[in-house]
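Residue numbers (the numbering used here): 1444 to 1560.
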Amino acid sequence: MSAINAASPARAKLRNPVVGPRDAASLILLRGEGKGLEVLAGRRPLHVRFMPGVYVFPGGAIDPPDRVAWSVECGSEALGPTLARSARAALRETWEEAGVLIGRPAEGPSASPVRAA
């Protein structure tokens, strides 16, 4: 285990060692190249049961709304339903956790402008 993700013995005693698995998805975002390559990661809060204090990619559980196709999505029919749900969850979680919106503007008027990254 790397030092960056190592939990202290005191924190390890506070958490429940058994956490049931859930379907989840993550998005790995890279920027730059070579020695300038950057990777987006965040640190999980210390109070959560699953992997407290660990640095992770944005992502999380696949929620029931992720099972419904977005009106603006394209290409999901090529992925199949399981992978499409995972993609929706990863994109949603990236927005919720990191404030990074992936995609392009939908056709028609927008309720609020979004600055392109």
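For glycine and all other residues, C-beta sits at the position ideal for the given N, C-alpha and C. Here the structure is a predicted model, which is why all the values come from computation and not from measurement.
Contact between the segment 1510-1528 and the segment 1480-1492 is absent: fewer than three C-beta pairs spanning the two stretches fall below 8 Å. Under the three-state reduction of DSSP, GLY1477 is assigned to helix.
In the three-state reduction of the DSSP assignment, ALA1467 falls in the strand class. Residue pairing by DSSP places ARG1535 opposite no residue, since no beta bridge is assigned to it. Within the same chain, and ignoring the five residues on either side of ALA1533 in sequence, the residues whose Cβ sits closer than 7 Å to its Cβ are ALA1468, SER1469, LEU1470, GLY1502.
For ALA1527, the secondary structure class from DSSP, reduced to helix, strand or coil, is helix.
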